[in-house]
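Under numbering that gives the first Met the number 0, the first residue of the sequence shown is numbered 0, with each subsequent residue one higher. Idealized CB from N, CA, C, for every residue including glycine. Being a predicted model, the structure only gives us computed values, none of them experimental. Below is one structure, written out as structure tokens, with a few remarks after it.
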Amino acid sequence: MSDHPAECEHRLPTDTADGLLLILSGPSGVGKTTITRGVERSIADSVFSVSVTTRAQTEADVEGVDYHFATEAEFDSLIERDELLEWASVFGKRYGTPREWVLEQLRRGRLVIVEIDVEGAKQVKTKLPEAFAVFVLPPSEEVLLQRLQSRKRESEEAIQRRFAEAKREIATARESGVYDLFVVNDDLERAIGVAVEAVRARRTSGPSADEKRAL
Ligand code: ADP
Ligand code: 5GP
Numbered sequence: 000m001s002d003h004p005a006e007c008e009h010r011l012p013t014d015t016a017d018g019l020l021l022i023l024s025g026p027s028g029v030g031k032t033t034i035t036r037g038v039e040r041s042i043a044d045s046v047f048s049v050s051v052t053t054r055a056q057t058e059a060d061v062e063g064v065d066y067h068f069a070t071e072a073e074f075d076s077l078i079e080r081d082e083l084l085e086w087a088s089v090f091g092k093r094y095g096t097p098r099e100w101v102l103e104q105l106r107r108g109r110l111v112i113v114e115i116d117v118e119g120a121k122q123v124k125t126k127l128p129e130a131f132a133v134f135v136l137p138p139s140e141e142v143l144l145q146r147l148q149s150r151k152r153e154s155e156e157a158i159q160r161r162f163a164e165a166k167r168e169i170a171t172a173r174e175s176g177v178y179d180l181f182v183v184n185d186d187l188e189r190a191i192g193v194a195v196e197a198v199r200a201r202r203t204s205g206p207s208a209d210e211k212r213a214l
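Listed below in structure tokens is the structure:
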């Protein structure tokens, strides 16, 4: 990379050292957060992007760690000020990724993990085509339902709504063409290992020729 200041200014934010944006998507309860924690343990310079959401805080959620909880009006104002890299409505609530924080981490050359839905992933890939997108699949529908229930975070009604949405989300993900990798989260350590190796390979080799053409 050149040290010439004028050239640096015109580079895309992720075009530094080995900064990489890792998109993790998958149906609710499939294990995205659990896999993220595993990737964070394995890759020293990884950071998790804390999303903003209008959904209600649960007992399991820590403000500023799991999410930044916002009112509808606060979320409106983030959109108006163009402070979100992407946002989408999921299960009737809005979720979004703070833009400046993510870009700053990428400028520092870090691995930035965003846990976002397919709609959000499409938006990110349009803006930052060099992002690496992984979709996490459940081993089976039964296992997905068990995981949603074992978490004891939502009401049974909310669990059923999330479960019903899962098939549609998986089909949309497959059709979207956004994802570089589909990983089945059967054995947790195996799934984390696949994600970690894919990220390391990507950081070593850079985007494929097709992706470079899209930049
Ligand atoms: P998500 O972030 O995708 O909504 P979570 O990471 O919260 O999902 O995981 C949902 C539940 O499934 C949690 O109770 C978690 O401990 C469990 N879980 C995640 N991965 C596995 C796995 N490979 N095997 C068994 N249980 C898992
Ligand atoms: P939960 O309410 O279970 O924490 O999150 C529900 C779903 O919202 C997640 O499975 C994830 O796909 C999606 N989500 C979380 N944060 C974001 C975000 O910042 N942007 C988008 N587009 N989706 C998100």
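Check                                                                                              : Outcome
Through-space distance from Lys121 to Phe68, alpha-carbon basis                                    : 23 Å
Asp116 CB to nearest heavy atom of the ligand ADP below 8 Å                                        : no
Any non-hydrogen atom of the ligand ADP within 8 Å of Ile22 CB                                     : no
Three-pair Cβ contact test at 8 Å for the segment 23 to 43 versus the segment 114 to 133           : yes
Heavy atom of the ligand 5GP within 8 Å of Ser149 beta-carbon                                      : no
Rounded separation between Gly91 and Arg173 - CA only                                              : 23 Å
Beta-ladder partner(s) of Ile115, from DSSP                                                        : Partner(s): none; Ile115 has no beta bridge.
Nearest residue (CA-CA) to Ser76, options Leu127, Val142, Lys151 and Arg93                         : Arg93
Where Gly95 falls: helix, strand or coil (DSSP)                                                    : strand
Contact under 9 Å by Cβ, Ala17 with Arg202                                                         : The residue you asked about is not Ala; residue 17 is Asp in the sequence shown. Taking 9 Å as the Cβ cut-off, Asp17 and Arg202 qualify as a contacting pair.
Any non-hydrogen atom of the ligand HEM within 8 Å of Ile158 CB                                    : Absence of the ligand HEM from the depicted structure is noted, with the ligand ADP and the ligand 5GP being the only ligands included.
Contact belief for Gln104 with Val46 at Cβ below 8 Å, rounded distance in angstroms                : 5 Å
Asp65 Cβ short of 8 Å to the ligand 5GP heavy atom set                                             : yes
Sequence-distant residues of its chain with Cβ nearer than 6 Å to Ala132 (five each side left out) : Ile22, Ala120, Val177, Tyr178 and Asp179
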